[in-house]
Amino acid sequence: MAYYGISSNLVLYLTNKLHQGTVASSRSVTNWVGTTWMTPIIGAYIADAYLGRYWTFLISSAIYLLGMCLLTLVVSLPALRPPACNSNNQDCNAGSAPHASTFQIGIFYFALYVLALGTGGTKPNISTMGADQFDESHPKERKQKLSFFNWWMFSIFFGTLFANTILVYIQDNVGWTLGYALPTAGLVISICIFVAGTPFYRHKLPSGSPFTRMLHVLVAAARKWNVRGPDDSKELHELDAAYYVAKGSCRIDPTPQLSFLDKAAVKRGPETPWMLCTMTQVEETKQIIKMIPFLIASFVPSIMVAQSNTLFLKQATTLNRSVGPHFKIPPASLIGFITISMLVSLVIYDRVFVPVMRRYTKNPRGISMLLRMGIGLALYIVVMIVASLIERKRLSVAREHDLVERKGTIPLTILILVPQFAILGVADAFLEVAKMEFFYDQAPESMKSLGTSYFSTTMGIGNFLSSFLLTIVQYVTGRHGKKSWILNNLNDSHLDYYYAFFAILNIVNFIFFLVAARFYVYRAEGLGMQKIQEKALKTSVVDDGGLVKDMRPG
Numbered sequence: 001m002a003y004y005g006i007s008s009n010l011v012l013y014l015t016n017k018l019h020q021g022t023v024a025s026s027r028s029v030t031n032w033v034g035t036t037w038m039t040p041i042i043g044a045y046i047a048d049a050y051l052g053r054y055w056t057f058l059i060s061s062a063i064y065l066l067g068m069c070l071l072t073l074v075v076s077l078p079a080l081r082p083p084a085c086n087s088n089n090q091d092c093n094a095g096s097a098p099h100a101s102t103f104q105i106g107i108f109y110f111a112l113y114v115l116a117l118g119t120g121g122t123k124p125n126i127s128t129m130g131a132d133q134f135d136e137s138h139p140k141e142r143k144q145k146l147s148f149f150n151w152w153m154f155s156i157f158f159g160t161l162f163a164n165t166i167l168v169y170i171q172d173n174v175g176w177t178l179g180y181a182l183p184t185a186g187l188v189i190s191i192c193i194f195v196a197g198t199p200f201y202r203h204k205l206p207s208g209s210p211f212t213r214m215l216h217v218l219v220a221a222a223r224k225w226n227v228r229g230p231d232d233s234k235e236l237h238e239l240d241a242a243y244y245v246a247k248g249s250c251r252i253d254p255t256p257q258l259s260f261l262d263k264a265a266v267k268r269g270p271e272t273p274w275m276l277c278t279m280t281q282v283e284e285t286k287q288i289i290k291m292i293p294f295l296i297a298s299f300v301p302s303i304m305v306a307q308s309n310t311l312f313l314k315q316a317t318t319l320n321r322s323v324g325p326h327f328k329i330p331p332a333s334l335i336g337f338i339t340i341s342m343l344v345s346l347v348i349y350d351r352v353f354v355p356v357m358r359r360y361t362k363n364p365r366g367i368s369m370l371l372r373m374g375i376g377l378a379l380y381i382v383v384m385i386v387a388s389l390i391e392r393k394r395l396s397v398a399r400e401h402d403l404v405e406r407k408g409t410i411p412l413t414i415l416i417l418v419p420q421f422a423i424l425g426v427a428d429a430f431l432e433v434a435k436m437e438f439f440y441d442q443a444p445e446s447m448k449s450l451g452t453s454y455f456s457t458t459m460g461i462g463n464f465l466s467s468f469l470l471t472i473v474q475y476v477t478g479r480h481g482k483k484s485w486i487l488n489n490l491n492d493s494h495l496d497y498y499y500a501f502f503a504i505l506n507i508v509n510f511i512f513f514l515v516a517a518r519f520y521v522y523r524a525e526g527l528g529m530q531k532i533q534e535k536a537l538k539t540s541v542v543d544d545g546g547l548v549k550d551m552r553p554g
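Just so you know, we're using this note's numbering here: the sequence shown kicks off at 1 and counts up by one.
This is the structure in structure tokens:
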């Protein structure tokens, strides 16, 4: 609720309060949102390597709260907030609107990016820590974990629904002070609830830097590129199974994929971390690398999500918002249709679709994670086709009423945009949940936070790419004296072409995903291996220093 209470209406705050144009405000939002989704890489690294998920989340929550408090002060205190717009038009003309001072703009963005820094430690760790609470060796908990990410996303978007409806209405009709103070208070309550549950959590200790371990493998394999590996994989370097059991992790057997990395475990030369790695370490690196094509395939749909917070909302400001004689729909509340359709889709998916599909596929998840992602990607193509067709209709009505040049309200209900928002919610119910579950499930046990950060990275890079593409398209289509597809006056723009371009981009991306999925091999389930390794512990003991001593004969 706190995050979406800011991001949902940010483009309109920048337009109406800081008086930025369409392209500038859209770029500012996507850059900030991109940062909030990229900082989790840092938070995941700190959690996996040093502090653990609990303390990383708690410290980051304090930074998050600091950013929210500062942002609330910025929109509340007269000395910090920008001057009010004197124009009767909600979209103030940048040439006539009073400008905010450099200090006021600077302190506003400073608060935003403090908040972004705080999200770096919260986003990758709270979902991972939640999934860690399920014991995979317990049949009931193992089955419950299969639904965890569905309900995790449900609860996130339940808070988002409040942000996109109640908070947006308060921000537009009551004031920004209350509109920002409420999510700040909500954040305080959520942190208190999290702390109250501390005695009941299952904690996983940090296991060292994942980047360093992977770098060891890459360097060792490169240095032994011309060394022939043994015919028997058992001759590759590995530690006793009991060592991993004592650490609460699993030994991973060799797999045929990315076999050139196996050279890092060939016993040749000095036995230093940069020359010799265990096969488990090699397999962990393989698992992270194998997910990279799906990381890349997720960038394009994340660009589409960025449109819902920027250009989709700017379209809404040009339409008739009245619903009945006394009520007007705030443009940002349209994002609520994404949330509602996603919430409904998640419930139907978990309670109806999965049980039905289990009967036919015998898959505990109903369908595979990659198939679920593929359905979501296909729906994103539909979203952009529908958005392009609706925009063509909006532009035709604008031309019919001579509103191309004079930026008036188009006599077309704002509800015409609902289909593109609603279909986007259904697409998210398939793709976003599957992405989070896939990156968590397929990551090695010791790198779960890093794996989950792949999910946030796709959102971050998607937003940065959205900003980049917006600039490129504006430049390319505006050369040689032609009108750009995207202008401050949307009635004189061609967003229909822009959305059609995204539909084509989604089709190309979908084909890339199908190729990657065709050759992907899921990692072996760790449960069976864990039971085998626990038996090995019965024949070994751990000395006082925590080192495993092999007590078997010989």
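Don't be surprised by glycine CBs; every beta carbon is placed ideally from N, CA and C. For clarity, every value in this text was computed on a predicted model and none was experimentally measured.
Please list, in chain order, all residues of the same chain as residue i whose beta carbon is under 7 Å from its beta carbon, the five residues on each side excluded.
| i | result |
| --- | --- |
| Leu295 | Tyr454, Thr457, Thr458 |
| Tyr54 | Met129, Tyr201, His203 |
| Val114 | Ile63, Leu66, Gly67, Leu70 |
| Phe512 | Ala297 |
| Ile41 | Ser453, Thr457 |
| Asp350 | Ser147, Asn150 |
What does DSSP give as the partner residues of residue i in its beta bridges?
| i | result |
| --- | --- |
| Asn320 | Thr413 |
Suppose the cutoff is 8 Å on Cβ atoms and the five residues either side in sequence are ignored; what does the same chain contact list for residue i look like?
| i | result |
| --- | --- |
| Lys145 | Ala131, Phe134, Glu136 |
| Leu514 | Gly374 |
| Lys286 | Thr255, Gln257, Leu258, Leu261 |
| Val347 | Phe154 |
| Gln315 | Glu391, Arg394, Leu417, Leu490, Leu495 |
Can you list, in chain order, the residues of its chain with a C-beta nearer than 6 Å to that of residue i? Leave out the 5 residues immediately preceding and following it.
| i | result |
| --- | --- |
| Ala443 | Gly451 |
| Ile252 | Thr280, Glu283 |
| Ser368 | none |
| Phe148 | Ala131 |
| Leu178 | Ile170 |
| Gly34 | Gly460, Asn463, Phe464 |
I think residue i touches residue j, with their Cβ atoms under 8 Å apart; what is that distance to the nearest whole Å?
| i | j | result |
| --- | --- | --- |
| Thr184 | Thr72 | 5 Å |
| Pro210 | Ala49 | 7 Å |
| Phe510 | Leu370 | Contact flag wrong, Cβ pair sits at about 13 Å. |
| Leu495 | Trp485 | 7 Å |
| Ala44 | Pro124 | 4 Å |
| Arg372 | Phe430 | 5 Å |
In this structure, how does DSSP classify residue i when only helix, strand and coil are distinguished?
| i | result |
| --- | --- |
| Lys143 | helix |
| Lys328 | strand |
| Pro419 | helix |
| Val188 | helix |
| Ala84 | coil |
| Asp231 | coil |
| His216 | helix |
| Phe194 | helix |
| Asp135 | coil |
| Thr278 | coil |
| Arg518 | helix |
| Cys250 | coil |
| Thr39 | coil |
Whole angstroms are fine: how far does the CA of residue j sit from the CA of residue i?
| i | j | result |
| --- | --- | --- |
| Ile416 | Asn489 | 19 Å |
| Arg523 | Lys328 | 51 Å |
| Ala555 | Thr102 | Only positions 1 to 554 of the chain appear in this structure, which leaves residue 555 out of reach. |
| Val266 | Phe439 | 29 Å |
| Leu80 | Val74 | 5 Å |
| Thr317 | Leu343 | 26 Å |
| Ser446 | Gly5 | 34 Å |
| Pro565 | Gly336 | Only positions 1 to 554 of the chain appear in this structure, which leaves residue 565 out of reach. |
| Tyr263 | Val352 | A small fix is needed here, since residue 263 is Lys in this sequence, not Tyr. Near 47 Å, if we compare the C-alpha coordinates of Val352 and Lys263. |
| Lys234 | Glu271 | 18 Å |
| Arg223 | Ala181 | 56 Å |
| Pro82 | Gln104 | 6 Å |
| Val383 | Phe108 | 33 Å |
| Gly21 | Leu14 | 8 Å |
| Asp91 | Leu379 | Because Asp91 sits at a pLDDT of 46, beneath the cut-off of 50, its placement in the model cannot be relied upon, and the following sentence gives the value as read from the coordinates. One C-alpha to the other measures close to 32 Å. |
| Arg479 | Phe502 | 20 Å |
| Asp441 | Phe421 | 29 Å |
| Arg365 | Trp151 | 14 Å |
| Pro419 | Ser388 | 12 Å |
| Leu18 | Ser333 | 21 Å |
| Thr413 | Val397 | 11 Å |
| Arg406 | Asn320 | 16 Å |
| Lys247 | Glu437 | 24 Å |
| Ala516 | Pro293 | 6 Å |
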